[in-house]
């Protein structure tokens, strides 16, 4: 297995969608940004008391002295959710879906003697298929801060993704296509700012099951963002 490293990959994992649904009619939307500047947008809607649909996207555009990098991803899915435990305050969600994305990476190399710049450009388009299991808790634990109490929710998401290139070029010359299977476990904590808005911190890792040159497990998920949830069971009580 190839563990996450500081290299550069054609695939950058997005923050998994964890809507924490409890009943029909709930709507969840969130935005997160990672340490690398990858911005994730997640939306979900509970179409019944146990079934929900998801739509996720991510984008990154970075220009630096040694490397320019752009990454885009869009995925859709659906699955099952249920509550259990004391007062039904624990949530189990199982989702699956598919999507696609693109990656553009340009490595900038400067000759120290002549100052001449050379460039190495990688372009990739890929498909993605994923399954994930979310376990969350809405048990009441509070954080006391500035004389106020903020309820905390927490949980984990275990996601497996199969990513398959269907196009790849190196300096506009077709290159070898790759695929990989990524295991992407994450842990998150949500701090409730008001009944509908929560601040979320996410930490996780990325493990590639195949040894690849381009589709490697080079990025982990460390992000900060907001999640908005309306129509929840707690608000109707």
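Numbering (this note's numbering), first residue to last: 53 to 289. For each residue, glycine too, the CB sits at the ideal point set by N, CA and C.
- Between residue 236 and residue 213, the CB-CB gap stays under 9 Å.
- The three-state reading of DSSP puts residue 90 in coil, since its state is none of H, G, I, E or B.
- Annotation for residue 126: the continuous beta strand (DSSP E) segment containing it runs 119–136.
- Buried is the label assigned to residue 264, since at least 16 other Cβ atoms lie within 10 Å of its Cβ.
- Contact check for residue 67 against residue 280 fails: the beta carbons are separated by 9 Å or more.
- Cβ neighbours of residue 204 within its own chain (closer than 8 Å, five residues either side excluded): 193, 194, 195, 241, 242, 243 and 244.
- Put simply, the segment 136–144 does not touch the segment 157–170. Fewer than three CB pairs are less than 8 Å apart.
- For the 9 Å CB-CB criterion, residue 277 and residue 123 do not form a contact.
- Around the beta carbon of residue 171, fewer than 16 other beta carbons sit within 10 angstroms, so the residue counts as exposed.
- Annotation for residue 233: 214 and 261 place their beta carbon closer than 6 Å to its own, counting only its chain and skipping 5 residues before and after.
- When the beta-carbon positions are compared, residue 187 and residue 63 stay at least 9 Å from each other.
- Within the DSSP bridge table, the entry for residue 223 names no partner.
- The alpha carbon of residue 253 has as its nearest neighbour, out of 86, 157, 73 and 100, the alpha carbon of 86.
- Bridge pairing for residue 233: 214 [DSSP].
- Out of 269, 107 and 80, the CA that lies nearest to the CA of residue 60 is found in 269.
- The beta carbon of residue 114 sits closer than 8 Å to those of 88, 89, 120, 121 and 122, all from its chain and outside the five residues before and after it, given in chain order.
- 9 Å or more divides the Cβ of residue 104 from the Cβ of residue 148.
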